[in-house]
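Notes for the one structure printed next.
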Amino acid sequence: MKTKAFQKIYTHIENITKATCTIKAEGITNEEMAYVDGRPAQVVKINRDYVTMQIFPGTQGVATNAEVVFTGKPPTIKVSDELRGRFFNAYGEPIDDGPPVEGEEREIGGPSANPVRRKQPSELIATGIAGIDLNNTLVTGQKIPFFADSDQPFNQVMADVALRAKADVIILGGMGMANDDYLYYKAVFDNAGALDRIICFMNRTDDPPVERLLVPDMCLTSAEYFAQDKKMKVLVLLTDMTLFADALSIVSNRMDQIPSKDSMPGSLYSDLAKIYEKAVQFPDGGSITIIAVTTLSGGDITHAIPDNTGYITEGQLYLRRDTDIAKVIIDPFRSLSRLKQLVIGKKTREDHGQVMNTCVRLYADAANAKTKLENGFDLTDYDQRCLDYAKEYSKKLLAIDINIDIDKMLDTGWEILAKYFTKEEVAIKKEIMDKYWKG
Amino acid sequence: MSTKGKVVGIVANLVTIEVDGPIGQNEICYIDLSGVKLMSEVIKIVGNLAYVQVFESTRGLYVGCNVEFMGRMLEVAMGPGMLSRNYDGLQNDLNKLTGVYLKRGEYSEALDPEKKWHFKPSAKKGDTIIAADWIGEVLEGWIPHKIMVPFNYKGTGTIKSIASEGDYTVHDEIAVVVDENGEKRKLDMTMKWPVKVEVSCYVNKPRPFKILETSIRTMDTLNPIAEGGTGFIPGPFGCGKTVLQHEISKNAEADLIIVVACGERANEVVEIFKEFPELDDPRTGRKLMERTIIICNTSNMPVAAREASVYTGMTIAEYYRMMGLKVLLLADSTSRWAQALREMSNRMEELPGPDAYPMDLPAIVANFYSRAGFVTLNNGETGSITFIGTVSPAGGNLKEPVVESTKKAARCFYALEQNRADSKRYPAIDPIDSYSKYLEYDEVREYLDEKIEKGWVDKVLKLKDILLRGKETRDQINILGDDGVPIEYHIIYNKAEIVDFCILQQDAFDKIDASTSLERQRYMVNLILDICNSSFDFDNFEEVNTYFKKVINQIRQMNYQEFKCDTFNEMEKDLNKLLEEKRLSEFSRREQLMEEVLDEKRED
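Residue numbers (the working numbering), protein chains in the order written: chain S, 1 to 439; chain B, 1001 to 1604.
Below is the structure:
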């Protein structure tokens, strides 16, 4: 806490709840930062001369005569090249024993980009994972979450994607991240020699939950500095957005707001959109791509958090354990990258779209055949071929441990198709069939 | 003197203001934050306290800020020059705003004050006029933009003078009119209108009877929307709602398309910004953008302006409708609008209705949908607004309040279904749950008899029967197993698959398949009904499946070809050969019986 000379110190707190306190003060501006008993807090409500603040670390032990100091400005972060390679907490204070960062001070959570100043994303991000590149191609400037149950290896996949994505800067925002996972990321980035490209804002499980609310904005304000000022390709990893939303609901609950679905605040959609919509492709080359993790409870995507997220993000990626091949795969049915059309067949080979759809359609036929099998019905020859196809498709293209380029994925696709199916069953446009069919 | 006030309370974007004079509900005011004016709207009044929703971020606002009330509701300015514009929800021209980021308190004029328009008068001195009468026109792009007597003109007036043909800016005086009391009013080419009030200076609003062609088969053929009709598209995320809306806006046969991106993704709006100026409009040969206006409030823009955006879009649509144009208004998504209402209702601590939405949500939605319609104008011409909204129901649950409210208001229902989307059967409109009430209109039946062919609606109903039977047989096959059902079941099921694969499914990313003319749809329906009305000879069900897969493949290949081109004709011949292999000369009695059994079961 840095008190400046002649700053007014208030010492009489009127109300204290679990997360907020109210004092009588004048000339206070909305969303300004304050320190209550040395703890960071933010103004969330003003009613005449009563000012209510949300205290990020919680109010345990705060006394009614605690010192309250207002900073006169909203939360800020100092941005400069010095951010690179550094680790910070949710307030942007170093946690890596390094010196504080010097640079231009910017408000976090600033205004949105004018849509007419954006460029349509069109640059492919190659990850080497066919479940992503072939079926759900990612593009710079996109925002996409992994919908995963907590037991699935999303951290590994995300780290792989981050390192292969050829981003200039990778910003990791950890919200309620287990210390072990934090160390995992640190180790992976270190081993890959990528530490100088990493910036990390970390709220771990042992930190107060409400602090998490600052993490995405910290990440994205830094990202905007690199993407817009420095014209760099920035990749922002946010994990876990479910825990972020939980923090939102805690705050809204303490503010006596009427909860909407799943006891989430009514503004959940807008709150999440403000974060995800920072993903942008600027015309001069800079971009912010957001890859997030939203953990599900038992795969339930109708819960308010994944549901609202799905409406904001440009698709979603699902991980699933395929018991037939004993590997984790990217689920081809429910996963979707909404921006893939911008690159499929344009930045990739012309047959990409058709191969992708046909493979998935036949995989769906295999799923039907499997249901038949489970229900004890006889399988037709076609069903049997579908099942064999599905296994090979899953193993050679869907599994997350694949690392090949897109042309190779397409060739593999054609090979598997020709191995199990006839031309009619594949039903691909004739011109493309003539050129690529491997039968 | 206008009413003034001071800020006394702030919670997020709900601000309480103590006022010193009279104010009105929904009045617009500006909060002065150190020189930056923040636009706001009054949403509740308690004594001398006004509760206003601020259309901007309230960061930095403090108690004591000065507020000025404007004495008017939220208005849009209308006149020549709105075409091809990209507006935000409050009708700021996004292209005119400087800077990469949207600055608070920066507003821009909706109409270009400098540009000169070539005005041709159509009324003359001495003519009597009433509100919305045409007094002249300018050419806006390719649309003859009528200059109208302002909609708020009361009573009858006489033209005292009117400008001669020539170039004028929108604010130049072009006419002077005198009303019955001798009061003079100068007219220019612009007018203002409060967005939440319907423009109703037309003669009447008859039942719609024409079909608005969208060139999307599952809509035009199966569940057509009427010109001046209303429809909505609910569906879980990832079902192709937005792609479908884009396809409609690209191909629909309307004079003018207004797209309201309401709380949706910025990248999708950018897609329209970038694609529409490139794409050709098949009817006029011009660029699509030349008949498009975009109202854009992306999901990260302030919530209150999101609510305004749908009204802004509707009001501009009404303005063009009064010129006798066919306007198509698309709003993606009305759920975001409803959520904006919910957020404000929540901040005002109103008692919540279902799912915490405001209690009057159904009324608000119904009121909005009813502003669409086909109208007869004062001069006997007609104009229309066809409105299609998307709904993004939480968790794909069609029983939630926004879907239910909309279902009561809209006449067409296009249900997007997760299973169809999963198996890539696009567009994922469920053919069985979806409906168009317009098919029941006698006017529409007559129109289709005329426009397409006699008895068309009966053919459409026949297709629906085939699809329904197909679904039922599929269920039976799934329960009883492939060889547990008679072979006819497989045939019935496969016939439904032909309808599904060849008519319903359409490749939005293929140049030719993306858009199908009514003429071609007529051909396809007849071709496929002909197949469905035939009997085929098979020994076992595997043969049935293999054979129909071939048929489907052949027709799909035809769909990718230019209608009636040489390759197409070749393929048609091959198809006929393929059909002759297995077709029987008469309809099998057994299959007919099966169909009857299915139909009877359903009626029970």
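Backbone N, C-alpha and C fix where the C-beta goes; we use that ideal spot for every residue, glycine too. Quick caveat: nothing in here was measured; it's all calculated off a predicted structure.
Apply the 10 Å Cβ neighbour rule to Thr1516/B and answer buried if 16 or more other Cβ atoms are within range, or exposed otherwise. Buried: at least 16 other Cβ atoms inside 10 Å.
Which residue comes first and which comes last in the alpha helix (DSSP H) that contains Thr1386/B? Looking at the DSSP string, Thr1386/B is not in any alpha helix (DSSP H); the run it does join, the beta strand (DSSP E), is 1382-1391.
Using a Cβ-Cβ cutoff of less than 8 Å, which residues in the same chain neighbour Lys119/S once the five nearest sequence positions on both sides are dropped? Cβ within range, chain order: Gly141, Gln281, Phe282, Pro283.
Quick one, which residues of the stretch 1550-1572 of chain B are near chain S if we go by CB-CB under 7 Å, in chain order? Residues of the stretch 1550-1572 of chain B with a C-beta atom less than 7 Å from some C-beta of chain S are Lys1550, Asn1553, Arg1556, Gln1557, Tyr1560, listed in chain order.
Exposed or buried, Asp441/S, counting other C-beta atoms within 10 Å across all chains shown (16 or more means buried)? Only positions 1 to 439 of chain S appear in the structure, and residue 441/S is not among them; the question remains open.
Alpha carbon to alpha carbon, how far is Thr1546/B from Phe1538/B? Give it in angstroms, no decimals. A direct Cα-to-Cα measurement between Phe1538/B and Thr1546/B gives close to 11 Å.
Note down, in chain order, each residue of its chain lying with its Cβ closer than 6 Å to the Cβ of Thr1230/B, except the 5 sequence neighbours on either side. Tyr1369, Ala1372, Phe1387, Ala1410, Arg1411, listed in sequence order.
Along the stretch 1394-1419 of chain B, where does the CB come closer than 8 Å to a CB of chain S? Name the residues. Across the stretch 1394-1419 of chain B, CB contacts with chain S closer than 8 Å involve Ala1394, Gly1395, Gly1396, Asn1397, in sequence order along the chain.
For Gly285/S, collect the residues of the same chain with a Cβ closer than 6 Å to its Cβ; drop the 5 residues on either side in sequence, then sort them by chain order. Cβ within range, chain order: Lys231.
Is any beta-carbon of chain S found at less than 8 Å from that of Lys1495/B? With 8 Å as the cut-off, Lys1495/B does not count as an interface residue toward chain S.
What are the residues in the stretch 1470-1488 of chain B lying within 7 Å of chain S by C-beta distance? For the stretch 1470-1488 of chain B, which is checked against every Cβ of chain S, the residues closer than 7 Å are Gly1481, Asp1482, Asp1483.
Find the residues of chain S that neighbour Ala1356/B, judging by a C-beta separation of less than 9 Å, and give them in chain order. Neighbours of Ala1356/B on chain S, chain order: Ile258, Pro259, Ser260, Lys261, Gly266.
Rounded to a whole number of angstroms, what is the C-alpha to C-alpha distance between Gln7/S and Val1036/B? Going by C-alpha positions, Gln7/S is about 26 Å away from Val1036/B.
Mind pulling the chain S residues with CB within less than 7 Å of Gly1229/B? Within chain S, no residue has its CB atom less than 7 Å from the CB of Gly1229/B, the nearest being about 26 Å off.
Give me the Cβ distance between Pro15/S and Thr22/S, rounded to the nearest whole Å; I'm assuming they're in contact under 8 Å. What sits at residue 15/S in the sequence shown is Asn, not Pro. The pair is a contact, with the Cβ atoms about 4 Å apart (cut-off 8 Å).
Would Val234/S and Val157/S qualify as a contact pair, given that the criterion is a beta-carbon distance under 8 Å? Not in contact: Val234/S and Val157/S (Cβ atoms no closer than 8 Å).
Cys1296/B at chain S interface by Cβ criterion, 8 Å: So, interface residue.
Would you kindly work out how many angstroms separate the C-alpha atoms of Thr1190/B and Asp1360/B, rounded to a whole number? So the alpha carbons of these two residues sit roughly 34 Å apart.
Can you list, in chain order, the stretches of the alpha helix (DSSP H) that have 4 or more residues and sit fully within the stretch 212-241 of chain S? Listed in chain order, the alpha helix (DSSP H) runs fully inside the stretch 212-241 of chain S are 215-224, counting runs of at least 4 residues.
First and last residue of the alpha helix (DSSP H) that includes Glu1307/B? Here the alpha helix (DSSP H) through Glu1307/B covers 1303-1321.
Environment of Met1/S [buried if 16+ CB atoms lie within 10 Å]: At Met1/S, the pLDDT of 44 sits below 50, so the modelled position is not reliable and the matter cannot be decided from this model.
Taking C-beta pairs closer than 7 Å, name the residues in chain S that Phe1237/B reaches, listed in chain order. The contacting residues are Gly310, Tyr311.
If you count every other CB in all the chains shown that lies within 10 Å of the CB of Asn1540/B, and 16 or more means buried, which is it? Asn1540/B should be labelled exposed.
Status (buried if at least 16 other CB within 10 Å, exposed otherwise) for Leu1187/B: Buried: at least 16 other Cβ atoms inside 10 Å.
Boundaries of the beta strand (DSSP E) in which Ser287/S is found, first to last residue: Residue range 287-296 is occupied by the beta strand (DSSP E) that includes Ser287/S.
Which residues in chain B have a C-beta closer than 8 Å to the C-beta of Gly141/S? List them in chain order. Ordered by position in chain B, the residues that pass the 8 Å Cβ test against Gly141/S are Asn1267.
Step through the CB atoms of chain S and report whether any lies within less than 8 Å of the CB of Gln1506/B. No, its Cβ sits nowhere closer than 8 Å to a Cβ of chain S.
Measuring CB to CB, does Ile428/S end up less than 8 Å from Thr348/S? Cβ distance not < 8 Å, so Ile428/S and Thr348/S don't count as in contact.
Starting from the N-terminal side, write out each stretch of the beta strand (DSSP E) that is 3 residues or longer and does not extend beyond the stretch 11-78 of chain S. Counting only runs of at least 3 residues, the stretch 11-78 of chain S fully encloses the following beta strand (DSSP E) elements, listed from N- to C-terminal order: 13-16, 20-24, 33-36, 39-47, 50-55, 68-70.
First and last residue of the uninterrupted alpha helix (DSSP H) at His352/S: Boundaries of the alpha helix (DSSP H) around His352/S: 352-374.
Contact with chain S by Asn1095/B, beta-carbon distance below 8 Å: Under the Cβ criterion of 8 Å, Asn1095/B is counted among the residues facing chain S.
Closest Cβ-Cβ distance between Lys1103/B and chain S: below 8 Å? Closer than 8 Å: yes.
I'd like to know if Glu1278/B contacts chain S, where contact means its C-beta is closer than 8 Å to some C-beta of that chain. For Glu1278/B, the answer is no, since every Cβ of chain S falls outside 8 Å of its Cβ.
Asn191/S versus Tyr269/S - alpha carbon distance: Taking the straight line joining both Cα atoms gives about 38 Å.
I want to know whether the stretch 1336-1345 of chain B touches the stretch 1289-1307 of chain B - three or more CB-CB distances under 8 Å. Contact holds between the stretch 1336-1345 of chain B and the stretch 1289-1307 of chain B, because three or more Cβ pairs, one in each stretch, are under 8 Å apart.
Report the three-state DSSP secondary structure of Ala399/S (helix, strand or coil). DSSP, reduced to helix, strand and coil, places Ala399/S within a strand of the structure shown.
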